[in-house]
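All you need for our numbering is the position in the sequence shown, starting with 1, plus 990. Here the structure is laid out as structure tokens; the discussion comes afterwards.
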Amino acid sequence: MDTKILKCFQIVCEEKSLSRAAKRLYITPQGLSKNIRQLEQRRERLRIGCANGVLNLLPLSLILAFGVEHTGLRLEWREYPNRQVKEKLLSSEIEYGFVIGGREEAGVECRKITGCRLCLMVYEGHPLFEEEQASMEQLSGEPLLLMNESFRLYHDFTACCALRGIEPNIVAKTADGAGLYRLCSQKVGLAVAPEFFREEFQMRGMKLLPFAENLWWEIYGAHRRETAEYENIRLFVQYLKRHLPR
């Protein structure tokens, strides 16, 4: 959020007079009133950004039900690439974001919402198909299928490979889970995918193996720390804690 608008609000509270606050800020009362109204409008709506893939595990109905409970708030939501959700949160284009991975950023408060295991999708006939789990070392030289660079999964998985000195043989990158499933079923390669694929696709002739390294795909809720006491944020955070306790 524009810190100038927050400063205007602070001065109005201190002076308890719009005209005195405007004089102190060297702007017209009309200009100050417009700034305060912008702040009020932001408190009256809740714009939510969801990273691509989040709604496969976090039900959209849960988000929409919050809007039903709080009809005084104008609820808006939209999907973005994971990085864009963070950028839009920091630039105040959204008030709340659901992101993959919870790396701390200055001025942002994160809370783990939910998650699932990261798995290896294997097709019938592959030597790993009879296994109960897979290890990173077993992937050396294997043709791999991944979501593309717009997804946090790609960056997290390749980072895990780098830490273990593994050079992943990535033969294809897709923009959606259906692409991963299709290519794996065609035996193009093995796919790295979240465990919720088990519910999303018919796994006939396919298998999801959890990694022995216990890799996870996690969703975090995030908002700017300076907005923590805003009613829209406070109500939504309380709602999530009530319906999705850790």
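Backbone N, C-alpha and C fix where the C-beta goes; we use that ideal spot for every residue, glycine too.
ask   = So Leu1080 and Glu1034 are in contact, right, with Cβ under 8 Å, and what is the actual spacing, rounded?
value = In the sequence shown, counting from the first residue as 1, residue 1080 sits at position 90. In the sequence shown, counting from the first residue as 1, residue 1034 sits at position 44. That belief does not hold up - the Cβ atoms of Leu1080 and Glu1034 are roughly 21 Å apart, past 8 Å.
Problem - Pairwise C-alpha distance: Leu1054 and Arg1197 - result: Within the sequence shown, numbered from 1, the residue matching residue 1197 stands at position 207. Within the sequence shown, numbered from 1, the residue matching residue 1054 stands at position 64. Rather than Arg, the amino acid found at residue 1197 in this sequence is Lys. Distance between the alpha carbons of Lys1197 and Leu1054 is about 33 Å.
Q) Asn1222 lies in the alpha helix (DSSP H); which residues open and close that run? A) Numbered from 1 along the sequence shown, position 232 holds the residue referred to as residue 1222. Per DSSP, Asn1222 belongs to the alpha helix (DSSP H) from Glu1221 to His1233.
Legend entry - Extent of the continuous alpha helix (DSSP H) run through Pro1077: Here residue 1077 refers to the residue found at position 87 of the sequence shown. Looking at the sequence shown, residue 1077 is not Pro but Glu. Glu1077 -> alpha helix (DSSP H) spans Asn1072 to Leu1080.
**Message:** According to DSSP, Cys1100 sits in a beta bridge with which residue or residues?
**Reply:** Taking the first residue of the sequence shown as 1, we reach residue 1100 at position 110. Cys1100 is bridged to Ala1212.
Next on the checklist: Just to confirm the assignment: which complete beta strand (DSSP E) runs, minimum length 3, are found wholly within the segment 1104-1181?
Outcome noted: 1133-1137 and 1159-1164
- request: Leaving out five residues on either side along the sequence, give the residues of the same chain with a beta carbon under 6 Å from the beta carbon of Lys1078.
  value: Taking the first residue of the sequence shown as 1, we reach residue 1078 at position 88. So the qualifying residues of the chain are Gly1039 and Ile1084.
Query raised in the report: CB-CB under 8 Å to Ser1175, same chain, minus the five flanking residues each way: which ones, in chain order?
Result: To locate residue 1175, count along the sequence shown from 1; it is residue 185. So the list reads Tyr1113, Gly1195 and Met1196, once near-sequence residues are dropped.
Please work out which residues of its chain come closer than 8 Å, Cβ to Cβ, to Ile1164, disregarding the five sequence neighbours upstream and downstream, and give them in chain order. On the sequence shown, position 174 is the one that residue 1164 refers to. In the sequence under discussion, the amino acid at residue 1164 is Thr, which differs from the Ile named in the question. Excluding positions up to five away in sequence, the list reads Leu1135, Leu1136, Met1137, Asn1138, Leu1170 and Leu1173.
Review point. Whose C-alpha, out of Val1161, Pro1235 and Gln1000, is nearest the C-alpha of Pro1133?
Key: Locating residue 1133 in the sequence shown gives position 143, where the first residue counts as 1. When only C-alpha atoms are compared, the closest one is Val1161.
**Asked** Taking Cβ to Cβ, would you say Gly1092 is nearer than 8 Å to Glu1004?
**Response** As a first step, residue 1092 must be located in the sequence shown, where it is residue number 102. As a first step, residue 1004 must be located in the sequence shown, where it is residue number 14. Contact flag unset, no.
Since Arg1194 is in the beta strand (DSSP E), which residue starts that stretch and which ends it? Here residue 1194 corresponds to residue number 204 of the sequence shown, with the count starting at 1. Per DSSP, Arg1194 belongs to no beta strand (DSSP E) and is neither H nor E.
Hey, Arg1101 and Tyr1210: beta-carbon distance below 8 Å or not?
Residue 1101 sits at position 111 when you count from the first residue of the sequence shown. Residue 1210 sits at position 220 when you count from the first residue of the sequence shown. Contact: yes.
ask   = When we look at the beta-carbon of Ala1183 and count the other beta-carbons within 10 Å, is it buried (16 or more) or exposed?
value = On the sequence shown, position 193 is the one that residue 1183 refers to. Ala1183 comes out buried.
Given this structure, state the Cα-to-Cα distance separating Cys1151 from Glu1157, to the nearest angstrom.
Working through the sequence shown from its first residue, we reach residue 1151 at position 161. Working through the sequence shown from its first residue, we reach residue 1157 at position 167. Distance between the alpha carbons of Cys1151 and Glu1157: 7 Å.
Give me the residue from Gly1043, Tyr1070 and Cys998 with the minimum Cα distance to Gly977. The requested residue 977 is not part of the displayed model; the chain covers only 991 to 1236.
key: Host beta strand (DSSP E) of Leu1054 (start-end)   = On the sequence shown, position 64 is the one that residue 1054 refers to. Element bounds for Leu1054: not the beta strand (DSSP E) but the alpha helix (DSSP H), Leu1050 to Glu1059.
Notebook entry, point to check: Where does the unbroken beta strand (DSSP E) through Ala1088 begin, and where does it stop?
Noted result: The residue you call residue 1088 lines up with position 98 of the sequence shown. Here residue 1088 turns out to be Phe, not Ala, going by the sequence shown. Element bounds for Phe1088: Tyr1086 to Ile1090.
Quiz item: Gly1039 lies in the beta strand (DSSP E); which residues open and close that run?
Solution: Position 49 of the sequence shown, counting from 1, holds the residue named residue 1039. Start and end: Arg1035 to Ala1041.
task: Go through its chain and collect everything with a Cβ distance to Gly1087's Cβ below 8 Å, but skip five positions before and after it.
output: By one-based count along the sequence shown, residue 1087 stands at place 97. Once the five neighbours on either side are set aside, the close Cβ partners of Gly1087 are Ile1038, Gly1039, Cys1040, Ala1041, Val1075, Lys1076, Lys1078, Leu1079, Gly1211, Ala1212 and His1213.
Subject >> Inter-residue spacing [alpha-carbon to alpha-carbon] between Leu1230 and Ile1223 >> reply: Here residue 1230 is taken as the residue at index 240 of the sequence shown, counted from 1. Here residue 1223 is taken as the residue at index 233 of the sequence shown, counted from 1. Their Cα atoms are separated by approximately 11 Å.
Below 7 Å CB to CB, which residues in the same chain sit around Thr1148 once its five sequence neighbours on both sides are set aside? Residue numbering aside, residue 1148 sits at position 158 when the sequence shown is read from its first letter. Result list for Thr1148: Pro1158, in chain order.
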